[in-house]
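In this note's numbering, the protein residues as written are 3 to 343.
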């Protein structure tokens, strides 16, 4: 722990006390948690971002949507709207938030909604016709007014919650013991060749309970980048001058995957709302070069930069091993569940 974090450690003790009391009240029923008569899966983490919730949620959508009427409910981080909003043809990143808008744009066969009050959001979704068969709660691990039937907690390979501290000395939103609420632990952003020995060492460090399963995933980049009208194979871009733009929590792997000599990298804060001045700056820096951004950033930059020069690189979450077992765990829960209490 560095010097600054040592200074902040007493504040972490206060934060730990507050979050622990809150969790105790929910666990004992002093604070009421609400359940609903359908399968509810919550995807989240203990730390403050950068664990790959979006690709993991998309994995669940791909798995479940061919079989069930799926709805995704998010709070819509940094959106300009308030209350419950159901995604529609008039929606954009400002009304939904970048990640929900990405879900809506990629998966038109599902319902996507945002509401900071997840209980109200679920009630609104259940009032629709037809009702969803299963609801995915995006980034809702600490939202305990709703009790999900299955919790999936994510932790990044290079930033395990077992090695971290509570805010502000570390990046944890709550104590490491909060991971015990999860039925599934997914270690994300692993090297694709992570050995079985290292997987076991990591699993041992996370100390899963007997009822918990630990899985390991890696980020798989698409072979092409996409604009509004076309796709271009990445291999053909090695000699193409470009500007790489990322407003995500940990952008270095994205830059490393695409960067060639002479390219420029522009880094912004996570979920960054690009101003007119910044868009103009990107236009000036890029000149005639193409601009490649992350899929999440594309949702916020689309319509602000020339469509013929703006591209995004999709990513997917892929299991290194035991992917079929993970799928069966999810499908068995959804198929057998008549509720999530």
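Cβ coordinates follow ideal geometry from the N, Cα and C atoms, glycine included.
Residue i (DSSP reduced to helix, strand or coil)
| i | result |
| --- | --- |
| residue 2 | Absent from the model: residue 2. The displayed extent of the chain is 3 to 343, so no value can be given. |
| residue 344 | An answer regarding residue 344 cannot be provided, because it is not within the stretch 3 to 343 covered by the chain. |
| residue 287 | helix |
| residue 50 | coil |
| residue 143 | coil |
| residue 11 | helix |
| residue 196 | coil |
| residue 26 | helix |
| residue 211 | coil |
| residue 341 | The predicted model places residue 341 with a pLDDT of 45, which falls under 50 and marks its position as unreliable; any figure quoted below should be read in that light. Here residue 341 sits in coil by DSSP. |
| residue 95 | helix |
| residue 231 | coil |
| residue 218 | strand |
Residue i to residue j span [Cα, whole Å]
| i | j | result |
| --- | --- | --- |
| residue 269 | residue 99 | 19 Å |
| residue 221 | residue 320 | 6 Å |
| residue 145 | residue 167 | 20 Å |
| residue 133 | residue 154 | 23 Å |
| residue 130 | residue 40 | 14 Å |
| residue 123 | residue 259 | 38 Å |
| residue 294 | residue 95 | 18 Å |
| residue 93 | residue 103 | 7 Å |
| residue 310 | residue 242 | 15 Å |
| residue 90 | residue 108 | 13 Å |
| residue 330 | residue 214 | 14 Å |
| residue 341 | residue 54 | In this predicted model, residue 341 has a pLDDT of only 45, less than 50, meaning its place in the structure is not dependable; the value taken from the coordinates is given anyway. The straight-line gap from Cα to Cα measures roughly 27 Å. |
| residue 332 | residue 66 | 9 Å |
| residue 183 | residue 277 | 40 Å |
| residue 21 | residue 176 | 6 Å |
DSSP beta-bridge partners of residue i
| i | result |
| --- | --- |
| residue 168 | 174 |
| residue 113 | 73 |
| residue 272 | None, per the DSSP bridge assignment. |
| residue 32 | Looking at the DSSP assignment, residue 32 forms no beta bridge with any residue, so it has no partner. |
| residue 161 | 158 |
| residue 88 | 115 |
| residue 138 | 43, 74 |
| residue 187 | 155, 216 |
| residue 281 | Answer is none; residue 281 lacks a bridge partner. |
| residue 148 | 36 |
Presumed contact (8 Å Cβ cut-off) between residue i and residue j, rounded CB distance
| i | j | result |
| --- | --- | --- |
| residue 298 | residue 59 | 12 Å between Cβ atoms; not a contact. |
| residue 46 | residue 143 | 3 Å |
| residue 313 | residue 227 | 4 Å |
| residue 42 | residue 151 | 5 Å |
| residue 262 | residue 288 | Not quite, the Cβ-Cβ distance comes to about 15 Å (not below 8 Å), so this is no contact. |
| residue 113 | residue 158 | Their Cβ separation, rounded to whole angstroms, is 29 Å, which puts residue 113 and residue 158 out of contact at 8 Å. |
| residue 181 | residue 48 | 6 Å |
Jot down the residue ranges of each uninterrupted beta strand (DSSP E) in the stretch 289-335, minimum 3 residues, whole runs only, in chain order.
-> 292-296, 312-315, 317-321
In chain order, which beta strand (DSSP E) runs of at least 3 residues are fully inside the stretch 233-266?
-> 233-235, 244-248
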